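Novice: In terms of the working numbering, the sequence shown opens at residue 673 and continues consecutively.
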Amino acid sequence: MSSSSIPKADLESFSNHLKQSRRILALLGAGLSASSGLPTFRGTGGLWRSHEATSLATPEAFAQDAALVWQFYSYRRHMALQAQPNLAHHALAALARRNPEFITLSQNVDGLSQRAGHRASQLHLLHGSLFDVRCTAFDCDFIQQNNFTDPIVPALAIPREQAQLKPSETDNTGAEAASSLYNAMHTANASSAKELDISDDRIEIPQIPHDELPHCPQCGDGLLRPGVVWFGETLPRRTMAAVDAFIDEPRKIDLILVVGTSAKVYPAAGYVDEARAKGAKVAVVNMDRKDTPGGPGGLQEGDWFFEGDASKILPEILK
Ligand code: BV8
673 MSSSSIPKAD
683 LESFSNHLKQ
693 SRRILALLGA
703 GLSASSGLPT
713 FRGTGGLWRS
723 HEATSLATPE
733 AFAQDAALVW
743 QFYSYRRHMA
753 LQAQPNLAHH
763 ALAALARRNP
773 EFITLSQNVD
783 GLSQRAGHRA
793 SQLHLLHGSL
803 FDVRCTAFDC
813 DFIQQNNFTD
823 PIVPALAIPR
833 EQAQLKPSET
843 DNTGAEAASS
853 LYNAMHTANA
863 SSAKELDISD
873 DRIEIPQIPH
883 DELPHCPQCG
893 DGLLRPGVVW
903 FGETLPRRTM
913 AAVDAFIDEP
923 RKIDLILVVG
933 TSAKVYPAAG
943 YVDEARAKGA
953 KVAVVNMDRK
963 DTPGGPGGLQ
973 EGDWFFEGDA
983 SKILPEILK
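#1: In the DSSP assignment, what are the bridge partners of VAL956?
#2: Excluding sequence positions up to five away, which residues of its chain have a Cβ less than 6 angstroms from the Cβ of LEU728?
#3: Smallest Cα separation from ALA735: which of ALA763, GLU988, ILE989 and THR808?
#4: Could you check what DSSP says for ASP804 in three-state terms: helix, strand or coil?
#5: Under 8 angstroms, with one C-beta from each stretch per pair, do the region 923–943 and the region 695–705 reach the 3-pair mark?
#6: Just checking GLY904 against the ligand BV8 - is the residue's beta carbon closer than 7 angstroms to any of the ligand's heavy atoms?
#7: Please tell me whether LEU710 and ALA760 are closer than 8 angstroms, where the distance is taken between their beta carbons.
#8: Measure the C-alpha to C-alpha separation of GLY894 and THR911 and round it to an integer number of angstroms.
#9: Taking Cβ to Cβ, would you say ARG695 is nearer than 8 angstroms to GLU773?
#10: When the distance is taken between beta carbons, is SER801 closer than 8 angstroms to VAL825?
#11: Below 8 angstroms between beta carbons: does that hold for ARG806 and GLY904?
#12: Looking at the structure shown, is PRO881 part of a helix, part of a strand, or coil, going by DSSP?
#13: How long is the line joining the alpha carbons of ASP975 and THR964, rounded to whole angstroms?
#14: Under three-state DSSP, which class holds GLN779?
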C-alpha cells in the first residue's frame with residue numbers, strides 16, 4: 673500500500689490520535705525488516721517455515737549439534753550485516769527522538785533498529801540480538817554485546833557469492849552448505865529441505881570440529897552461544913522488568929503500534945492485550961489482514977489496520 677492508498681479517513685483519525693498521544697508502545701516483528709531483504713519466519717520463504725529452522729532455535733538443538741546451530745546463526749548474522757535499515761526503522765527512531773514516552777518492544781534480533789539510530793533507552797530487545805554472544809560454561813558470566821565479527825570464527829565463513837545449491841560437491845564448507853540449504857529453500861519458497869527433494873547426501877553440512885567453534889575468551893573453554901532467546905527460554909529479566917514498569921505505571925497507555933508481526937510468539941504477543949487493558953488503542957501495520965493480534969477478527973472498534981509494507985506505511989502515518 674503506497675501512502676496515497678492509505679484510506680484518508682484512517683490516516684486522518686490515526687494522525688489526530690497520534691498527536692494527542694503521550695505514552696506509546698510499539699511491538700515489532702520480522703515484517704519490519706522484510707523490505708531490508710531479511711526473510712521473515714512464518715511467511716512465504718520464512719525461516720521458520722522449514723522444520724530445520726524452527727528446530728534450530730532451541731537449547732536442545734544447540735546441545736545436540738552446536739556446529740549446525742552456529743552455521744544457521746552465522747548465516748543470519750551475515751545476512752543482517754549485509755542489510756540496511758529501511759524507512760520504517762528510521763520513522764520509528766525519529767518518533768522515539770520526538771517522544772521520550774514512546775518505547776519499542778522488538779522481537780527482532782537483526783540489529784537494524786539500532787543501526788537506524790533508535791535510542792537504546794527506548795528500544796527493548798525481547799528476544800536478544802544476533803550480535804550478542806555469551807558463554808555456556810555454568811561458572812562463567814562472559815557476555816559480549818555488539819560482536820559484529822563476520823564470520824565470528826574462520827570455520828563459519830559464509831561464501832562470498834550467493835551460495836547456490838551445489839549437489840554432491842564434497843568441498844562445501846559447512847556454512848556454505850547451510851546457506852545453500854537456506855538459499856535454496858528461500859528461493860524455492862520451500863517449507864523444508866525435504867520439499868526440495870534433497871537427499872541427505874546432496875546437502876553436506878559437515879560437523880565443524882568442536883574446537884573450531886567460538887569459544888569463551890574469559891574462561892578459555894566454554895562454548896559461546898548466540899545471545900538470542902530460544903524457544904523454551906525466558907526473556908531477559910531486566911528487559912521484562914523495564915517493560916512491566918512502563919505498563920504498570922498508573923497513567924493510561926494511549927496507543928500500541930503492532931508492526932510486521934504474526935503475533936504468535938509469547939509472552940511478546942501478550943503485550944498487546946496488556947496495553948489494551950491500560951486503555952491503548954491498537955494500530956496494526958501488516959501485509960496480511962489475517963495477522964492481527966488475537967487472530968483474525970482480533971481488532972476492536974476504534975483500532976486501525978494499515979495493510980501493506982511497513983517501510984512504506986510507517987513513514988506516512990508517523991509523519
Ligand atoms: C518463554 C529468537 C517461558 C531466536 C525467537 C505462552 C506464554 C509463554 C510462552 C509460551 C506460551 N505459549 C507457548 C509458549 C512457548 C513459546 C511460544 O510462544 N511458542 C509459540 C511458537 C507458540 N515461547 C517461548 O518459548 C518464549 N519463552 O515464554 O519462556 C516459558 C518457556 C516454555 C513454556 C512456557 C513458558 C521465548 C520465545 C522467543 C523465541 N525466539 N527468536 C531467533 O530469532 O533465532 S522467536 C521468533 O519469532 C523471532 O524472534 C520473531 O521475531 C518471533 C515472532 O515472529 P514474527 O516477528 O512475528 O515473524 P513472523 O514471520 O511470524 O511474522 C512476520 C509478519 O510480518 C507476518 O504477519 C507478515 O504478514 C508480516 N510482514 C511480512 N512482510 C511485511 C510484513 N508486514 C509489514 N511489512 C512487510 N513488508
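Positions of the beta carbon are idealized from the N, C-alpha and C atoms, including for glycine.
Fair warning: this is a prediction, and the values are worked out from it, not measured in the lab.
Specialist: Answer, in terms of the structure:
#1: If you number the sequence shown from 1, residue 956 lands on position 284. Beta-bridge pairing links VAL956 to VAL930 and PHE977.
#2: Taking the sequence shown and counting its residues from 1, one reaches residue 728 at position 56. Cβ neighbours of LEU728 beyond the five flanking positions: VAL741 and PHE744.
#3: Taking the sequence shown and counting its residues from 1, one reaches residue 735 at position 63. Cα-wise, what sits closest to ALA735 is THR808.
#4: For the purposes of this step, residue 804 is taken as residue 132 along the sequence shown, with counting starting at 1. Correct three-state label for ASP804: strand.
#5: yes
#6: The sequence position of residue 904 within the sequence shown is 232, counting from 1. True, at least one ligand heavy atom lies under 7 angstroms from that Cβ.
#7: To locate residue 710, count along the sequence shown from 1; it is residue 38. To locate residue 760, count along the sequence shown from 1; it is residue 88. No.
#8: As a position in the sequence shown, residue 894 is number 222, starting the count at 1. As a position in the sequence shown, residue 911 is number 239, starting the count at 1. GLY894 and THR911: Cα-Cα distance of roughly 25 angstroms.
#9: Position 23 of the sequence shown, counting from 1, holds the residue named residue 695. Position 101 of the sequence shown, counting from 1, holds the residue named residue 773. Cβ atoms of ARG695 and GLU773: closer than 8 angstroms.
#10: Here residue 825 refers to the residue found at position 153 of the sequence shown. Here residue 801 refers to the residue found at position 129 of the sequence shown. No.
#11: By one-based count along the sequence shown, residue 806 stands at place 134. By one-based count along the sequence shown, residue 904 stands at place 232. No, they are not a contact pair.
#12: Within the sequence shown, numbered from 1, the residue matching residue 881 stands at position 209. If DSSP states are grouped into helix, strand and coil, PRO881 belongs with coil.
#13: Counting from one through the sequence shown, the residue named residue 975 turns up at place 303. Counting from one through the sequence shown, the residue named residue 964 turns up at place 292. Going from the Cα of ASP975 to the Cα of THR964 covers about 11 angstroms.
#14: Numbered from 1 along the sequence shown, position 107 holds the residue referred to as residue 779. Coil at GLN779, not helix or strand.
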